[in-house]
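In this note's numbering, the protein residues as written are 171 to 572.
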Ligand code: GCO
Ligand code: MG
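And the structure:
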């Protein structure tokens with residue numbers, strides 16, 4: 171039996187903040203897990219360092235399911251993004267270790283490949299529609315077969331989802347940036363620019379759009395209806411998902427496929443949405459929904475109800491969780507799509523991801539484990555850099571959903 175002899179929490183900021191857990195076993199095998207929670211990174215680092223590391227040392231590294239149950243049920247205070255991100259990191263690192271010990275890539279441990287690569291969607295954006303159109307063309311030239319499109323709404327300063335520099339990075343300020351939101355202007359503009367994209371590029375690629383939890387179910391149903399003839403791959407996060415009944419109303423109003431789940435952290439958050447078929451795609455991530463062990467359970471539940479997967483993959487998911495996501499994506503029968511926002515080149519000075527983008531799909535590494543590496547010396551060169559996600563306010567000054 172190999173035991174966990176070291177557990178190190180590495181906080182680094184090559185281009186953006188990441189928290190990584192590195193476990194080492196008595197046999198000298200190491201494993202990595204992503205513990206990044208955008209804008210609340212140090213809370214997870216402390217949860218790990220102060221509360222989980224003492225429990226990990228000396229425990230059997232082989233018993234992944236038992237470890238998961240021990241950390242989830244043992245805490246008594248179950249769920250929540252901080253707890254579940256920490257549990258995810260431990261779980262992912264243990265899968266990495268098991269793969270290395272077995273001499274198998276994680277996708278083989280999970281039952282083997284059901285497909286060669288995971289279809290991904292990239293993020294096209296622009297401050298204006300013409301910039302957005304250029305960006306969609308750029309993604310098509312890069313071989314992407316699925317593209318998410320977002321642009322700033324005229325008269326609404328600082329619309330979310332729009333790239334400012336080379337990479338779209340919503341956690342951009344040392345204190346939360348306050349952005350304006352105007353539902354009427356958005357509802358008027360979004361169908362027009364999405365239509366323009368279909369008119370310009372046709373239907374031979376998947377078009378996606380993220381509403382970022384901004385609408386009431388009535389508004390979302392109306393938007394979905396208006397977008398029907400554009401045949402979106404999905405309309406993402408149309409409404410805040412705390413109230414799962416919202417989705418019944420949206421579903422009844424439109425046949426535009428619905429995706430939700432990036433802010434979920436357990437199977438309980440998606441149970442009703444899946445079992446009542448109120449959504450088409452479940453978008454939880456390895457990093458925030460309990461690691462490979464729990465995400466796989468969510469995906470299997472979804473399979474029973476013909477709900478497909480579409481995991482979150484913004485830049486705040488480190489190359490470690492992206493690697494884990496791709497291993498899982500290629501094995502699950504009900505895979506739908508994987509979000510993929512390329513990290514800034516500087517991120518790769520610290521992380522060497524195993525996956526490769528070819529023909530619009532991510533291909534996992536064939537190396538044992540997850541196939542991702544972290545250079546600790548390089549990580550030390552990039553100290554933590556406090557950054558917050560923005561806050562949305564309506565024109566009357568009140569806070570809107572973000
Ligand atoms: C997406 C997202 C992200 C989130 C970000 C929050 O669909 O990729 O909505 O851009 O806003 O991951 O940390
Ligand atoms: Mg989103």
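We put the beta carbon where it would ideally sit given N, CA and C, even for glycine.
Residue i versus residue j - alpha carbon distance
{"i": "residue 376", "j": "residue 223", "result": "43 Å"}
{"i": "residue 302", "j": "residue 370", "result": "12 Å"}
{"i": "residue 359", "j": "residue 390", "result": "14 Å"}
{"i": "residue 496", "j": "residue 353", "result": "35 Å"}
{"i": "residue 245", "j": "residue 401", "result": "45 Å"}
{"i": "residue 308", "j": "residue 290", "result": "15 Å"}
{"i": "residue 197", "j": "residue 270", "result": "11 Å"}
{"i": "residue 281", "j": "residue 500", "result": "10 Å"}
{"i": "residue 553", "j": "residue 345", "result": "18 Å"}
{"i": "residue 315", "j": "residue 273", "result": "33 Å"}
{"i": "residue 311", "j": "residue 292", "result": "12 Å"}
{"i": "residue 268", "j": "residue 226", "result": "16 Å"}
{"i": "residue 202", "j": "residue 557", "result": "23 Å"}
{"i": "residue 361", "j": "residue 374", "result": "19 Å"}
For residue j and residue i, believed in contact at Cβ under 8 Å, the rounded distance
{"i": "residue 405", "j": "residue 428", "result": "6 Å"}
{"i": "residue 432", "j": "residue 466", "result": "The Cβ separation is near 18 Å, so there is no contact."}
{"i": "residue 477", "j": "residue 450", "result": "6 Å"}
{"i": "residue 571", "j": "residue 384", "result": "6 Å"}
{"i": "residue 256", "j": "residue 214", "result": "5 Å"}
Where residue i falls: helix, strand or coil (DSSP)
{"i": "residue 446", "result": "coil"}
{"i": "residue 177", "result": "strand"}
{"i": "residue 254", "result": "helix"}
{"i": "residue 403", "result": "coil"}
{"i": "residue 561", "result": "strand"}
{"i": "residue 536", "result": "coil"}
{"i": "residue 551", "result": "coil"}
{"i": "residue 543", "result": "strand"}
{"i": "residue 506", "result": "coil"}
{"i": "residue 528", "result": "strand"}
{"i": "residue 207", "result": "coil"}
{"i": "residue 519", "result": "helix"}
{"i": "residue 343", "result": "strand"}
{"i": "residue 230", "result": "strand"}
{"i": "residue 569", "result": "strand"}
{"i": "residue 478", "result": "strand"}
{"i": "residue 269", "result": "helix"}
{"i": "residue 279", "result": "helix"}
{"i": "residue 202", "result": "strand"}
{"i": "residue 182", "result": "strand"}
{"i": "residue 350", "result": "strand"}
Residue i: first and last residue of the uninterrupted alpha helix (DSSP H) it sits in
{"i": "residue 469", "result": "461–474"}
{"i": "residue 368", "result": "353–371"}
{"i": "residue 237", "result": "234–244"}
{"i": "residue 394", "result": "387–397"}
{"i": "residue 308", "result": "299–311"}
{"i": "residue 498", "result": "489–499"}
{"i": "residue 225", "result": "223–226"}
{"i": "residue 422", "result": "416–423"}
Residue span of the beta strand (DSSP E) that contains residue i, given as start and end
{"i": "residue 578", "result": "This structure cannot settle anything about residue 578, because the visible part of the chain is limited to 171 through 572."}
{"i": "residue 320", "result": "316–321"}
{"i": "residue 213", "result": "Careful: residue 213 lies outside any beta strand (DSSP E), inside the alpha helix (DSSP H) at 211–216."}
{"i": "residue 380", "result": "376–380"}
{"i": "residue 295", "result": "288–296"}
{"i": "residue 434", "result": "Unbroken run through residue 434: none, as it is neither H nor E."}
{"i": "residue 136", "result": "What the structure shows of the chain is the stretch from 171 to 572, and residue 136 is not part of that stretch, so it cannot be assessed."}
- With a cut-off of 6 Å, give the chain-ordered residues whose Cβ is closer than this to any heavy atom of ligand 2. Having a Cβ closer than 6 Å to some heavy atom of ligand 2 are 380, 382, 406, 407, 432.
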